[in-house]
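Chemist:
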Amino acid sequence: MQIYSFIAAIALYILCAALPSRRGGLISAVTLAAWLLHGVGLWADIAGGGELRFGFAAMLSSALWVSVAAYWLENRNFSLDGMRRLVMPSAAVAALLQVIFPGNVVPLEGKSPLFGWHIAIATMAYSTLTIAAFHAVLMALQESRLHARRDTKSFLSGALDQLPALLTMEKLLFRMIGFGFTLLSLTVLSGIVFSEQLFGQALKWDHKSAFTLLSWVLFAALLAGRRFRGWRGKTALSFTLAGFATLLLAYVGSRFVFEVVLHKGWA
5 MQIYSFIAAI ALYILCAALP SRRGGLISAV TLAAWLLHGV GLWADIAGGG ELRFGFAAML
65 SSALWVSVAA YWLENRNFSL DGMRRLVMPS AAVAALLQVI FPGNVVPLEG KSPLFGWHIA
125 IATMAYSTLT IAAFHAVLMA LQESRLHARR DTKSFLSGAL DQLPALLTME KLLFRMIGFG
185 FTLLSLTVLS GIVFSEQLFG QALKWDHKSA FTLLSWVLFA ALLAGRRFRG WRGKTALSFT
245 LAGFATLLLA YVGSRFVFEV VLHKGWA
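Position in the sequence shown (from 1) plus 4 gives the number in this note's numbering.
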């Protein structure tokens, strides 16, 4: 059942990305339908059988699912059509990856009932910072277009022209980063709690912990620099993309290596 939901969602995501910008009402309706079908597939695949099944593709798919929701909501207040060109194809690829790589069953025996909340908060943190990364890429493209010597017309340039002013985009970016950083902080704290339960130590120092903490430091530095030094522009975009890249390596990258390259289960 979930496979058909994913296939339908993928088709609608691709359709949504291809629709012309002037079809705003249809784009909103197709986005919502694709998001609902993607959500049905996610729930059936991850927790529908009474057990928790998770992996790198499920994490990526969940992050893009929340990102689509964030885009749909923000687009009702601001014209973010350029983001549609990035988010929708990415969501389609993420849903396809989950069909191909369904992940492994996560053993819940002996774990706290709050363990599921830890995964949910982590997913929300990844998702919020994923949409922030898309936002940063759009801002970089938008700034580059402003400084371009020739005004070239293309599939993406038309969408970039419809974006809000860079100052408004920057305000939205830091709003998302602030929210994502709060969730990431809760993820780190809850991870320490579960690390004590599982491994008998406050923090298990592995690649996942190291990259997560590095990402936390980068986003903390960005917010502090914004608050006390007025960081903006290329500095803010560089920190955002670097923080997102390390966060991606923390979970999605490591799980990809375990599941696809090494063919190992949950670790």
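Note that CB positions come from ideal geometry on N, CA and C, so glycine has one too.
(1) Taking the continuous alpha helix (DSSP H) assigned at P24, which residues delimit it?
(2) Following the continuous alpha helix (DSSP H) through W76, name the residue where it begins and the one where it ends.
(3) At the level of alpha carbons, what is the spacing between A98 and G182?
(4) Just the Cα atoms here: how many angstroms apart are L176 and S213?
(5) Roughly how many angstroms separate the alpha carbons of G59 and P106, rounded to a whole number?
(6) I'd like to confirm something about F138: is its beta-carbon nearer than 7 Å to some heavy atom of the ligand GTP, or not?
(7) In its own chain, which residues sit with a C-beta less than 8 Å from the C-beta of R236, not counting the 5 before and 5 after it?
(8) To the nearest angstrom, report how far apart L86 and I196 are at their CA atoms.
(9) When DSSP labels each residue in this structure, what does A271 get in the three-state scheme?
(10) When burial is assigned at 16 or more other CB atoms within 10 Å of the CB, is H139 buried or exposed?
(11) Taking L218 as part of the alpha helix (DSSP H), name the residues at either end of that continuous run.
(12) Spatial neighbours of L100 within its chain, please: CB distance less than 7 Å, with the 5 preceding and 5 following residues excluded, ordered by chain position.
(13) When burial is assigned at 16 or more other CB atoms within 10 Å of the CB, is L253 buried or exposed?
(14) L167 lies in the alpha helix (DSSP H); which residues open and close that run?
(15) In this structure, how does DSSP classify L41 when only helix, strand and coil are distinguished?
Modeler: On the basis of the data shown:
(1) Counting along the chain, P24 falls outside any alpha helix (DSSP H), and DSSP gives it neither H nor E.
(2) F60 to E78
(3) 25 Å
(4) 28 Å
(5) 7 Å
(6) Absence of the ligand GTP from the depicted structure is noted, as is the absence of any ligand whatsoever, leaving it without description.
(7) E174 and R230
(8) Here residue 86 is Gly; the residue named in the question, Leu, does not match the sequence. Between G86 and I196, the C-alpha separation is close to 38 Å.
(9) With a pLDDT of only 49 at A271, under the threshold of 50, the placement of this residue in the model should not be trusted, and no figure is reported.
(10) buried
(11) H211 to R233
(12) I14
(13) buried
(14) No alpha helix (DSSP H) contains L167, which DSSP labels as neither H nor E.
(15) helix
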